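For the sequence shown, counting from 1, position 252 maps to 1204 in our numbering; every step adds exactly one. Note that the Cβ used here is the ideal one computed from N, Cα and C, for glycine as well. The model shown is predicted, which means the values in this text are computed figures rather than measured ones. Accompanying notes for the structure given below.
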Amino acid sequence: MKKILTILLVLTMVCSITACNKTKETGGGEVSGHVTIGTPNFNGDFINGWGNNSYDNSIRKFVFGGASNNPAGLMTSNIKGEILLNSITDSREISDDGLVHTFKLKPDLVYSDGTPLTADDVVFTYNFYLDEDAIVEAGGSTDYPEYLEKVEKVDELTIKFTLLDQYYATDSLVFMDNIICEEWATKDKPEDKTIQQHVKDSLINKPLGYGPYKIVEYKENQYVKLTVNDKFIGDVDGDKPKIKDMIVKVISEETKLDELLTGNVDVLPGSVKAENIDAVKADSKFSFCHYPRQGYGHLTFHNDFAPVNHKEVRQAICYTIDRKIFREAFLGKYSVSTDGPYTLNYWMIDQKWVDDNLHKYTADKEKVDELLSGAGWAKGSDGIWAKGDEKLEIEVLVPGQDWADCLNLTIGKTGEEFGIKFNVSLIDWAIFLNHYYGKEISDKNERKYHMYALASSPAIVFDGYGSWHSDNVANPWGSAISANTARFENAKNDELLMTMRTAENDEVYQKAYREWVKLTNEEMPILPLYSNDYHDLFNKRIKGFETNAFWDWVPALIKCTVK
């Protein structure tokens, strides 16, 4: 079996990737006060397995603890991006061959309602996700069957995991997930439903957790109200919340700045637009943290849907948009360019490597003509490229008016001039995600959209198998959630992902990662539009607020006080 080095995420000097106008006054004292956070809408999927909306994930991290992309399970991550044992975990032993991981829980753990948290709950959780047929039938997805052979209870506090193989990112792939309370999940389950279907139908928006907060009220499309979990044992540093209540409020892009400036919300996380950021910087009542985003904005192609199933069509579309104009219109001065599904927060690449190795797509009519005519496409009488029954009329789905405006400003103007017609449609976020993931589609014939506008945030340790490997395209579209959201099937892609996944050392991993980034830059399964300098904007009545690319606003607020 392969030997793997223990992963220590090497940040490119954490101090250099984050900066705050600090108001560091934490102090102790009574738990009191409240904070309101403004975010885009959530779906109400507050248990892992049914999509990965980052706003749903924020609620999971309040309920279960955690940082970055994952709720805390047996393991979690800290402010430096290091993966380590979670506060509920007493110890871990790893066998010499690296395939058996034995965890021991701390004694006397409880969920927020006082129900004991034991090895039974851990085994129940992993068996819940190992039953792939039941998860998929309930409209969800899981990748645990790819990693785990079995999970066994040793005693009330001890659990033994047997892996199928060793993986470069084992800790983040397998051991950072919410632990579901067996008693909560099985109570009142109808006999004719699987436990997975019961959780999805009746419990997914009212999770029972062991993290810093518990949900008091969820109003669909409006807010989630949470209050402190007095049974929380503390985060990885031993800190417990000092703020009593959190309200996560749905706000629109158009009104969010006014909501902050007028005091209706206290925090605007992940702000990207120059006009909003500069307005806050000019007001002495507010402050900010900023850092290079762990992610990027993009247009995702559904690579199996004609006509964007053709590589030359995807490349031609990439040569139709002036991404610099888009970035300046969409974000302003805090945007930066990106040329693939990567983040420069990773140690594996830097800007020089990007500049030396990747194509820089920009609006270029001659390249469009060369690519399409060379592949047998020809312009019809209407000036639009066509080939047989296929015509380059591309349906683009966006989640917000700002996306629509900026795409119409760019591809909307150059597209027909270049012979490609783009129809940009704005739709409700929940319906957007249904089409994007291919879930909850009653009529498979309603498939219409070729491209989807949104942003992605890759995990602390990158393992692209779940979201990029051909095995994770759910066919046909509409039958189940496709974890490979680009629906990209490519043999070389799969080979490089497996090389990364089973890499024996950093050198092998880095080489495969770089080759994979180059491949995606050539194949263009997505059209990368921007990355940016993230600004978390907040009212100065919050003291001790500090975020970075791997430590977002949820764990940051646990360490804050409020006036």
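Exercise. How close, in whole Å, do the beta carbons of Tyr1248 and Tyr1482 come, if the pair is a contact with beta carbons under 8 Å?
Worked result: Translated into positions along the sequence shown, residue 1248 becomes position 296. Translated into positions along the sequence shown, residue 1482 becomes position 530. 7 Å between Cβ atoms; contact.
Exercise. According to DSSP, is Pro1097 helix, strand or coil?
Worked result: Reading the sequence shown from its first residue, position 145 is the one you call residue 1097. Note: Pro1097 maps to helix in three-state DSSP.
Problem set entry | 6 Å CB neighbourhood of Lys1339 in its chain, flanking five on each side removed | Residue 1339 sits at position 387 when you count from the first residue of the sequence shown. Excluding residues up to 5 positions away in sequence, Gly1328, Trp1329 lie with their Cβ nearer than 6 Å to the Cβ of Lys1339 in the same chain.
For this session: Using 7 Å as the cut-off, classify the Cβ of Thr1179 as near or not near the heavy atoms of the ligand GDP, replying yes or no.
Result: Ligands in the displayed structure: none, and consequently the ligand GDP is not present.
Exercise. Cβ atoms of Ile1478 and Phe1253: under 8 Å apart, would you say?
Worked result: Against the sequence shown, residue 1253 aligns to sequence position 301. Against the sequence shown, residue 1478 aligns to sequence position 526. For Phe1253 and Ile1478, yes; Cβs fall inside 8 Å.
Problem set entry | Reference Pro1023; option with closest CA among Lys1032, Asn1000, Leu1036, Thr1041 | If you number the sequence shown from 1, residue 1023 lands on position 71. The residue with the shortest Cα to Cα distance from Pro1023 is Asn1000.
Exercise. Tell me which same chain residues have a C-beta within less than 7 Å of the C-beta of Ser1039, skipping the five on either side of it?
Worked result: Working through the sequence shown from its first residue, we reach residue 1039 at position 87. Ile1185, Gly1186, Asp1187, Val1188, listed in sequence order.
Problem set entry | Cα-Cα separation between Trp1468 and Ala1455, rounded to whole angstroms | Here the question's residue 1468 lines up with position 516 in the sequence shown. Here the question's residue 1455 lines up with position 503 in the sequence shown. If you take the alpha carbons of Trp1468 and Ala1455, they lie about 14 Å apart.
Exercise. Under the three-state reduction of DSSP, which class applies to Thr1272: helix, strand or coil?
Worked result: In the sequence shown, the residue the question calls residue 1272 occupies position 320. In this structure, Thr1272 counts as coil in the three-state DSSP scheme.
For this session: Grab me the residues of Val1062's own chain with a C-beta within less than 8 Å of its C-beta, minus the 5 sequence neighbours each way, in chain order.
Result: On the sequence shown, residue 1062 is found 110 positions in, with the first residue counted as 1. Counting only Cβ-Cβ distances below 8 Å, and skipping sequence neighbours, we find Pro1068, Leu1069, Tyr1162, Lys1183.
For this session: Spatial neighbours of Lys1396 within its chain, please: CB distance less than 6 Å, with the 5 preceding and 5 following residues excluded, ordered by chain position.
Result: The count along the sequence shown starts at 1 and reaches residue 1396 at position 444. Taken in chain order, the residues that qualify are Gly1430.
Exercise. Alpha carbon to alpha carbon, what distance is there between Pro1244 and Leu1036?
Worked result: Translated into positions along the sequence shown, residue 1036 becomes position 84. Translated into positions along the sequence shown, residue 1244 becomes position 292. If you draw a straight line from the Cα of Leu1036 to the Cα of Pro1244, it is about 23 Å long.
For this session: List the whole-angstrom C-beta distance separating Ala1426 from Ser1434, where the pair is believed to meet the contact cut-off of C-beta under 8 Å.
Result: As a first step, residue 1426 is located in the sequence shown; it is residue number 474 there, counting from the start. As a first step, residue 1434 is located in the sequence shown; it is residue number 482 there, counting from the start. At roughly 4 Å, the Cβ-Cβ gap stays under 8 Å, so Ala1426 and Ser1434 are in contact.
For this session: Using a threshold of 8 Å, state whether the C-beta atoms of Asp1073 and Leu1160 are closer than that.
Result: Translated into the one-based positions of the sequence shown, residue 1073 becomes position 121. Translated into the one-based positions of the sequence shown, residue 1160 becomes position 208. At least 8 Å separates the beta-carbon of Asp1073 from that of Leu1160.
Problem set entry | Reduced DSSP secondary structure (H/G/I, E/B, other) of Met1452 | By one-based count along the sequence shown, residue 1452 stands at place 500. Here Met1452 sits in helix by DSSP.
Exercise. Short check: CB of Gln1148 to CB of Leu1051, under 8 Å?
Worked result: In the sequence shown, counting from the first residue as 1, residue 1148 sits at position 196. In the sequence shown, counting from the first residue as 1, residue 1051 sits at position 99. No. Outside cutoff.
Exercise. Taking the DSSP output, what are the residues bridged to Asp916?
Worked result: Past the edges of the chain, shown from 953 to 1515, lies residue 916, and the structure says nothing about it.
Exercise. Count the other CB atoms within 10 Å of the CB of Thr1214; is the residue buried (16 or more) or exposed (fewer)?
Worked result: The count along the sequence shown starts at 1 and reaches residue 1214 at position 262. By the neighbour-count rule (16 or more Cβ atoms within 10 Å), Thr1214 is not buried but exposed.
For this session: Just tell me which of His1242, Asn1216, Asp1218 has its CA closest to the CA of Lys1225.
Result: As a position in the sequence shown, residue 1225 is number 273, starting the count at 1. Measuring from the Cα of Lys1225, the nearest candidate turns out to be His1242.
For this session: Check the C-beta distance from Thr1028 over to Tyr1007 and give it rounded, since I have them as a contact under 8 Å.
Result: Residue 1028 sits at position 76 when you count from the first residue of the sequence shown. Residue 1007 sits at position 55 when you count from the first residue of the sequence shown. Incorrect: roughly 20 Å between the Cβ atoms, too far for contact.
For this session: Give the straight-line distance between the Cα atoms of Pro1142 and Gly1335, rounded to the nearest whole angstrom.
Result: Here residue 1142 corresponds to residue number 190 of the sequence shown, with the count starting at 1. Here residue 1335 corresponds to residue number 383 of the sequence shown, with the count starting at 1. Taking the straight line joining both Cα atoms gives about 59 Å.
For this session: Report back the beta-carbon spacing between Lys1470 and Asn1309 to the nearest angstrom; my notes put them in contact at under 8 Å.
Result: The residue labelled residue 1470 in the question sits at position 518 within the sequence shown. The residue labelled residue 1309 in the question sits at position 357 within the sequence shown. 6 Å between Cβ atoms; contact.
Problem set entry | In chain order, each beta strand (DSSP E) run of at least 3 residues that lies wholly inside the region 1215-1241 | 1219-1223
Problem set entry | Residue burial classification, Asp1218 (beta-carbon count within 10 angstroms, cutoff 16) | Translated into positions along the sequence shown, residue 1218 becomes position 266. So Asp1218 ends up on the buried side.
Exercise. Pairing CB atoms from the region 1356-1375 with CB atoms from the region 1276-1285, are three or more of them under 8 Å?
Worked result: Cβ pair count under 8 Å is three or more, so yes.
Exercise. By a C-beta neighbour count over all protein chains shown, 10 Å radius and 16 as the cutoff for buried, is Ala1405 buried or exposed?
Worked result: Numbered from 1 along the sequence shown, position 453 holds the residue referred to as residue 1405. By the neighbour-count rule (16 or more Cβ atoms within 10 Å), Ala1405 is buried.
For this session: Answer with buried or exposed for Asn1293, where buried requires no fewer than 16 other C-beta atoms within 10 angstroms of its C-beta.
Result: Here the question's residue 1293 lines up with position 341 in the sequence shown. In the sequence on display, residue 1293 carries Pro and not Asn. Buried is the call here.
Problem set entry | Simplified DSSP state of Arg1493, which is helix, strand or coil | By 1-based counting over the sequence shown, the position of residue 1493 is 541. Coil at Arg1493, not helix or strand.
Exercise. Does the beta-carbon of Ser1093 have 16 or more other beta-carbons within 10 angstroms, so that it is buried, or is it exposed?
Worked result: In the sequence shown, the residue the question calls residue 1093 occupies position 141. By the 10 Å Cβ count, Ser1093 comes out buried.
For this session: Can you tell me which of the three DSSP states Pro1507 falls into?
Result: On the sequence shown, position 555 is the one that residue 1507 refers to. Pro1507 falls in the helix class under three-state DSSP.
Exercise. For Pro1097, which residues from the same chain have a beta carbon less than 7 Å from its beta carbon, with the 5 sequence-adjacent residues on both sides left out?
Worked result: The sequence position of residue 1097 within the sequence shown is 145, counting from 1. Within the same chain, Pro1097 has close Cβ partners Leu1082, Glu1084.
For this session: Measure the C-alpha to C-alpha separation of Ser1287 and Val1075 and round it to an integer number of angstroms.
Result: As a first step, residue 1287 must be located in the sequence shown, where it is residue number 335. As a first step, residue 1075 must be located in the sequence shown, where it is residue number 123. Each residue's Cα considered, the two are about 44 Å apart.
Problem set entry | Reference Asn1457, options Gly985, Ala1019, Ala1121, Gly1025, closest by Cα | By one-based count along the sequence shown, residue 1457 stands at place 505. That would be Ala1121, whose Cα lies nearest to the Cα of Asn1457.
Exercise. Got a sec, what are the start and stop residues for the alpha helix (DSSP H) Ala1071 sits in?
Worked result: Numbered from its first residue, the sequence shown carries residue 1071 at position 119. Counting along the chain, the alpha helix (DSSP H) containing Ala1071 begins and ends at 1071-1082.
Exercise. Thinking C-alpha only, which one of Tyr1099, Glu1135, Leu1057 is nearest Asp1107?
Worked result: Mapped onto the sequence shown, residue 1107 falls at position 155. It is Leu1057.
For this session: Mind the definition here: the region 1367-1386 touches the region 1266-1276 only if three or more C-beta pairs lie below 8 Å; say whether that holds.
Result: yes
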